[in-house]
Every structure is written in structure tokens, then in C-alpha cells.
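This report concerns only the one structure given below.
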Amino acid sequence: MSYTPLIPNQLHYNINLESISINEHIWKIDPSVFTTSSNKGAIIDSGTTLAYFIEGVYNPIVEAITRTIPKSISTSDYDGYHCYLITTSLKEKNGAF
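So that you can map any letter, position 14 of the sequence shown is 14 in the UniProt record's numbering, and since no number is skipped, the others follow by simple counting.
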């Protein structure tokens with residue numbers, strides 16, 4: 001099991017994000033992009049379904065997720081947001097998740 005420490009003295013659950021892994025592919029991202037400051041950083045929140053990424057990171061991540069999910073899952077763009085319509089657990093449909 002891996003653990004990620006929270007950055008102390010922050011209003012949110014900020015973490016130091018070093019990379020993102022999708023389907024065993026590690027996306028190397030300049031860690032300074034996610035350095036915590038008054039207007040940027042990486043925040044984890046299990047209570048939301050939204051994810052926001054800076055320009056240059058967002059599109060490659062969306063493309064990697066879209067290539068990874070089963071073709072039976074519908075995708076759409078709504079008001080500038082890329083959405084996946086999932087009606088059941090992905091684990092039930094695809095053991096990779």
C-alpha cells in the first residue's frame with residue numbers, strides 16, 4: 001500500500017503530485033505545475049466527481065482514459081466538460097479497473 005502525505009496548513013487536502021498513471025502508463029509531468037500556491041496545486045476530494053487539470057495536461061489524460069475504458073461507455077462534452085456515462089461499476093465490466 002502506498003501513502004501520500006498531505007501538505008500541512010492548507011485549506012484543502014493538498015498533495016505533492018509527481019506523476020499520473022493510467023492503465024500502467026506513467027505520464028511524466030513537471031511537478032512544478034502542481035506546486036501548491038494561492039492559485040494552483042493538486043487537491044484530492046473523494047466527495048466530487050470533477051477533475052480539473054491545467055492546459056497541456058488535460059487533453060492527454062482525457063485521451064488516455066478514453067482509450068482505456070470499454071467502448072460500451074458513452075462519452076460526451078457538456079458545457080466544455082468531457083463526461084463519461086457509466087451506469088454500472090467499471091470493475092464489473094472490465095477487470096482492469
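Ideal Cβ placement from N, Cα and C applies to all residues, glycine included.
Excluding five sequence positions before and after F53, the CB atoms of its chain that fall closer than 8 Å to its own CB belong to I61, given in chain order.
Between S19 and Y13, the alpha-carbon positions lie close to 17 Å from each other. The bridge partners DSSP lists for L85 are S74. Between the region 19-34 and the region 63-71 there are three or more C-beta pairs closer than 8 Å, enough to call the two in contact.
Three or more Cβ pairs drawn from the region 2-16 and the region 37-46 lie within less than 8 Å of each other, which places the two stretches in contact. Rounded to the nearest whole angstrom, the C-alpha separation of W27 and L50 is 20 Å. With respect to T48, Q10 sits apart: the two C-beta atoms are not nearer than 8 Å. Take L6, set aside five residues on each side of it, and the residues of its chain with a beta-carbon closer than 7 Å to its own are Y13, N14 and I15, in chain order.
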